[in-house]
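In this note's numbering, the protein residues as written are 4 to 137. All C-beta atoms in this analysis are idealised placements derived from N, C-alpha and C, irrespective of residue type, glycine included.
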Amino acid sequence: MTQLPHRIAIADDSPAFLAAAASYVAGLPDCVIAGTASSALEAVELVESAVPDLLLLDLGLAPSRGLDLVRRVKACPQAPAVIALALFHTPEAAAQAQSAGADALIGKEAFVSGLAEVLPRLFAARGEASVAAS
Numbered sequence: 004m005t006q007l008p009h010r011i012a013i014a015d016d017s018p019a020f021l022a023a024a025a026s027y028v029a030g031l032p033d034c035v036i037a038g039t040a041s042s043a044l045e046a047v048e049l050v051e052s053a054v055p056d057l058l059l060l061d062l063g064l065a066p067s068r069g070l071d072l073v074r075r076v077k078a079c080p081q082a083p084a085v086i087a088l089a090l091f092h093t094p095e096a097a098a099q100a101q102s103a104g105a106d107a108l109i110g111k112e113a114f115v116s117g118l119a120e121v122l123p124r125l126f127a128a129r130g131e132a133s134v135a136a137s
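Structure follows, in structure tokens:
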């Protein structure tokens, strides 16, 4: 049985980070980019229209800075898993992201290694052994 690729959306207001993250994710095995967004409104619209499996969501995305956007996304019908992105991963930020409904928090300073750690756990629920970062 062929496994469908994981559809991953990315929302970040930094064009450079958005391009780099999309390029990296597109190169992961069994992953495709479901779309990108550069504002909070675009992120919610993307989740509702593209129905991704996972949203990588910058917690500083304007104008809804903070964890309210995580709550809005998680309230959408067919809400995806959400990995919150912050400038730095701290225990306090991770606890706040989790309380807002995020499935994980990754610091942008460790984006690649953070995804390598979190993606296998998130996608294990779909019955896959792992998604290896290349």
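Assumed close pair residue i, residue j - CB separation to whole angstroms, cut-off 8 Å
i: L76; j: V35; result: First, the amino acid is wrong: residue 76 is Val here, not Leu. That pair is no contact at about 19 Å.
i: E62; j: A87; result: A small correction: the amino acid at residue 62 is Leu; Glu does not occupy that position in the sequence shown. Right, their Cβ atoms sit about 5 Å apart.
i: A37; j: R10; result: 4 Å
i: S84; j: L125; result: The displayed chain sequence assigns Ala, not Ser, to residue 84. With 8 Å as the limit, A84 and L125 qualify as a contact, their Cβ atoms being about 5 Å apart.
Unbroken beta strand (DSSP E) run spanning residue i, endpoints
i: G38; result: 34-40
Residue i in three-state terms, based on DSSP
i: Q6; result: coil
i: D15; result: coil
Segment limits, alpha helix (DSSP H) that includes residue i
i: S26; result: 18-29
Any alpha helix (DSSP H) of 4 or more consecutive residues that is wholly inside the region 50-128: 71-77, 94-103, 114-126
Touch check for the region 91-105 and the region 40-50: three-plus C-beta pairs under 8 Å? no
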